[in-house]
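In my numbering, the protein residues as written are 2 to 396.
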Ligand SMILES: Cc1cc2nc3c(=O)[nH]c(=O)nc-3n(C[C@H](O)[C@H](O)[C@H](O)COP(=O)(O)OP(=O)(O)OC[C@H]3O[C@@H](n4cnc5c(N)ncnc54)[C@H](O)[C@@H]3O)c2cc1C
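Following this line, the structure appears as structure tokens:
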């Protein structure tokens, strides 16, 4: 049997695929002897998104982070404003354009790795000794496959909530007064279509990213928020918009069910379809980086790569209860987020949101949230779980 074309084939060179490749390249310092191929349908990358996340100052990748904010704000339409800040943590942003460029450079500098742009995986066929990946350019064989393709449209539409957003990066004619505070959830309100808020990042004195976000059970097209975001931009920056530099948009499924198992331990999933997205917030970038770091080390130790896993344990359980409450009672969303911002000290809240909670952080989150709606969600979860179980018993 001839040796497979590569040890690892990564389907999709977006966030998860490139993060894994970048980590392999960095951890081996260009001396990787494992042959890695990435398949990506795009011919070129563009600065199509902005990844933001909390991280301790001491832990950030300075080559990627373009701006950090030491303070962040939550406010409602009724003007209740809460600002949080921390000495250890900041909210950071990584422009996707910078990330794609650096990952491509890291791959180019590692002779055993190749990124094949303009190549789509058409099918994946596990055989006894290897896996075959069909592309329009022919068949590639691999010992292992990491599959980062998006979940199917059907699966994504079944997520209980979708985080739908449309954003504009603006160049301004005048410098902004405050560039130190990220407005994460501003003007929170609800209407017939559900919960919505504005997201405003001062990227530089004369640059801002403004987005309208909705949490919706329906699969709204993100372009449906275009008019609202232009209106909001005019309100924040009346007569001060010199240019719309670019736009970004997305629909992130929250509480996505697991994609069907591949049925082969050598073919694993990562990224959104594997549960990378945190159900309660829609954040995924940091989770993907942690997974990539761990699995690059496994590959370099000749151990099999594991797929990404959704948030588990108490944290996963709390996320699901919170998501259930937002889904069933969207009118409570502004008060739930404001309760967390007002009552949970910033370091505790950030540790919870970044999956590094200490025991007392859980207690602080539970104590901050209103008891009745959360208990209702808990009861509903239990009764639907037991119905499923009893249904299964009769199958
Ligand atoms: C606009 C936007 C902003 C976001 N902002 C944040 C944020 O601030 N913070 C945060 O934590 N999360 C954010 N997210 C959520 C999440 O981090 C991103 O969606 C992230 O890109 C998910 O990574 P991924 O690898 O799963 O998907 P992607 O990055 O989309 O990568 C999947 C790749 O698979 C490729 N592909 C598809 N089909 C095939 C095929 N058949 N063969 C080969 N390749 C294929 C695609 O072209 C794509 O490159 C954002 C999402 C969007 C859309």
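Yeah, the Cβ is synthetic: ideal placement off N, Cα and C, and Gly gets one too. The structure presented is a predicted model; accordingly, all values stated were derived computationally and were not measured.
Does residue 296 come out as helix, strand or coil in the three-state DSSP assignment?
DSSP places residue 296 in helix when its eight states are reduced to three.
Using DSSP bridges, identify the partner residues of residue 120.
None; residue 120 has no bridge partner.
Just verifying my parser: in three-state terms, what is the DSSP assignment at residue 346?
Correct three-state label for residue 346: coil.
Can at least three beta-carbon pairs, one atom from the segment 257–270 and one from the segment 185–205, be found at a separation below 8 Å?
Counting Cβ pairs under 8 Å, fewer than three are found: no touch.
Whose CA, out of 185, 232, 151 and 251, lies closest to the CA of residue 122?
When only C-alpha atoms are compared, the closest one is 151.
Under a three-way DSSP split, which group does residue 327 fall into?
If DSSP states are grouped into helix, strand and coil, residue 327 belongs with the helices.
Based on the DSSP output, what are the partners of residue 75 in its beta bridges?
83 and 186.
Using CA coordinates, which residue listed in 4, 77 and 318 is at the minimum distance from residue 145?
Considering only alpha carbons, the answer is 4.
Compute the distance between the beta-carbons of residue 70 and residue 85, then report whether it is under 7 Å.
No, these two residues do not count as a Cβ contact at 7 Å.
Please name the residue, chosen from 355, 30 and 235, that lies closest to residue 60 on a Cα-to-Cα basis.
Here the closest residue by C-alpha is 355.
Contact defined as beta carbons within less than 8 Å: I believe residue 194 pairs with residue 217. What is the distance between those atoms, to the nearest angstrom?
Contact flag correct, Cβ pair sits at about 6 Å.
What residue from 330, 274 and 361 has the CA that sits closest to residue 315's CA?
With distances taken between Cα atoms, residue 315 lies closest to 361.
Would you say residue 226 and residue 213 are within 7 Å of each other, going by their C-beta atoms?
Closer than 7 Å, so yes.
What separation, rounded to the nearest whole angstrom, lies between the Cα atoms of residue 291 and residue 273?
Rounded to the nearest angstrom, the two C-alpha atoms are 14 Å apart.
By the three-class DSSP mapping on this structure, what secondary structure does residue 63 have?
Here residue 63 sits in coil by DSSP.
State the DSSP-derived secondary structure class of residue 377, mapped to helix, strand or coil.
The answer is helix: DSSP assigns residue 377 an H, G or I state.
How far does the beta strand (DSSP E) with residue 172 in it extend, from its first residue to its last?
Note, residue 172: beta strand (DSSP E), 162–173.
Report the three-state DSSP secondary structure of residue 194 (helix, strand or coil).
Of the three classes helix, strand and coil, the one that applies to residue 194 here is coil, per DSSP.
Are the segment 278–290 and the segment 130–147 touching, with three or more C-beta to C-beta distances below 8 Å?
Not touching, per the Cβ criterion.
Using 7 Å as the threshold, is the C-beta distance between residue 10 and residue 143 below it?
Contact flag set, yes.
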